[in-house]
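Following: one structure in structure tokens, then a few remarks.
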């Protein structure tokens, strides 16, 4: 890993897509043997505070790195490797529940 990961969060509304991102993220963390718990939060206000308008959101070290999409486990592993990059990957695809599930 290029930077130390201190926290990983999945934020969403509780819909199946958000829960799937949470499960995929936990699997990626296990594969990297990271000794960190993946948190699942349903606080929509927290999502908005991160500056994103769609869910689910993957946040590493408190910074949103992906929003509004359900990536593969390999993509999540890539994001964990490139953690703390300033760019967020946001999509308006059909995966985004937008809190309306």
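Numbering (our numbering), first residue to last: 463 to 563.
Backbone N, C-alpha and C fix where the C-beta goes; we use that ideal spot for every residue, glycine too.
Distance from the CA of residue 525 to the CA of residue 512, rounded to the nearest whole angstrom, comes to 7 Å. Residue environment analysis places residue 474 among the buried positions, since at least 16 neighbouring C-beta atoms fall within 10 angstroms of its C-beta. DSSP places residue 500 in the uninterrupted beta strand (DSSP E) bounded by 500-503.
Taken through DSSP and simplified to helix, strand or coil, residue 467 comes out as coil. Between residue 533 and residue 479, the C-beta spacing is not below 8 Å. Classified as buried, residue 487 has 16 or more neighbouring CB atoms from the shown chains inside 10 Å of its CB. The beta-carbon distance between residue 483 and residue 520, rounded to whole angstroms, is 6 Å. This is short enough to meet the 8 Å contact definition.
Residue 473 is bridged by DSSP to 503 and 519.
Nearest to residue 507 by alpha-carbon distance, out of 500, 516, 501 and 499, is 516.
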